[in-house]
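Residue numbers (full-length UniProt numbering): 1 to 128.
What follows is one structure encoded as structure tokens, with my remarks underneath.
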């Protein structure tokens with residue numbers, strides 16, 4: 001195990017002055033929200049779809065290493081959670097596009113904040 005220098009918390013200063021822990025119901029809500037966006041490939045899918053609607057094949061090409069089954073499963077889960085919209089067009093051959101819902105778009109500022117947090121503390125975060 002490598003030695004890490006971890007900065008101690010500064011109490012009663014900064015943005016968390018007077019912070020208290022969340023209520024139990026809020027913890028359950030947080031867990032539900034985290035489950036909706038975590039999973040293999042979900043963050044990548046959301047980040048790609050922020051650029052606009054894409055068909056399944058294009059999404060798969062932009063995610064090297066994802067299997068068809070896994071991409072289908074993750075898109076279905078994101079759609080069930082209202083983060084992605086699946087648009088099926090009545091055409092022959094059938095055409096399906098995926099795009100972010102407003103809930104998906106609203107995730108982007110939070111993901112940027114998480115990226116900034118990661119960059120600030122990446123020296124002490126352990127690799128997966």
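C-beta atoms are modelled at their ideal positions from N, C-alpha and C, and glycine is treated no differently.
What you are looking at is a predicted structure, and each value in this text was computed from that prediction instead of being measured.
Buried or exposed: where does residue 98 fall if 16 or more other Cβ atoms within 10 Å of its Cβ makes it buried? Position 98 of the chain shown, counting from 1, holds the residue named residue 98. Under this definition residue 98 is a buried residue.
With 16 other CB atoms within 10 Å as the buried threshold, where does residue 71 fall? In the chain shown, the residue the question calls residue 71 occupies position 71. Under this definition residue 71 is a buried residue.
By the 10 Å Cβ neighbour count, where 16 or more other Cβ atoms means buried, how is residue 74 classified, buried or exposed? The residue given as residue 74 occupies position 74 in the chain shown. Answer is buried; the Cβ neighbour count reaches 16.
Hey, residue 55 and residue 95: beta-carbon distance below 8 angstroms or not? Here the question's residue 55 lines up with position 55 in the chain shown. Here the question's residue 95 lines up with position 95 in the chain shown. By the CB criterion at 8 angstroms, residue 55 and residue 95 fall inside the cutoff.
Does residue 99 come out as helix, strand or coil in the three-state DSSP assignment? As a working note, residue 99 is residue 99 in the chain shown. Residue state for residue 99 is assigned as strand, using DSSP reduced to three classes.
In chain order, what are the residue ranges of uninterrupted beta strand (DSSP E) at least 3 long that sit wholly in the UniProt domain "HTH hxlR-type" (19-126)? Secondary structure remark: continuous beta strand (DSSP E) runs of at least 3 residues inside the UniProt domain "HTH hxlR-type" (19-126), in chain order: 84-89, 95-100.
Within 10 angstroms of the Cβ of residue 41, are there 16 or more other Cβ atoms? Answer buried if so, exposed if not. Locating residue 41 in the chain shown gives position 41, where the first residue counts as 1. Residue 41 comes out buried.
Do you know whose CA, among 78, 23, 85, lies nearest residue 35's CA? On the chain shown, position 35 is the one that residue 35 refers to. Comparing alpha carbon positions, the residue from 78, 23, 85 closest to residue 35 is 78.
Below 8 angstroms on the Cβ atoms is my guess for residue 50 versus residue 119; work out the distance and round it to an integer in Å. Start at 1 with the first residue of the chain shown, and residue 50 comes out as number 50. Start at 1 with the first residue of the chain shown, and residue 119 comes out as number 119. So it is not a contact: roughly 19 angstroms between Cβ atoms.
Cβ neighbour criterion (16 or more within 10 Å) applied to residue 125: In the chain shown, counting from the first residue as 1, residue 125 sits at position 125. Answer is exposed; the Cβ neighbour count stays below 16.
What does the alpha-carbon distance come out to for the pair residue 117 and residue 38? The sequence position of residue 117 within the chain shown is 117, counting from 1. The sequence position of residue 38 within the chain shown is 38, counting from 1. In this structure, the CA atom of residue 117 is about 17 angstroms from the CA atom of residue 38.
DSSP three-state call for residue 15: helix, strand or coil? Taking the chain shown and counting its residues from 1, one reaches residue 15 at position 15. The DSSP-derived three-state label of residue 15 is helix.
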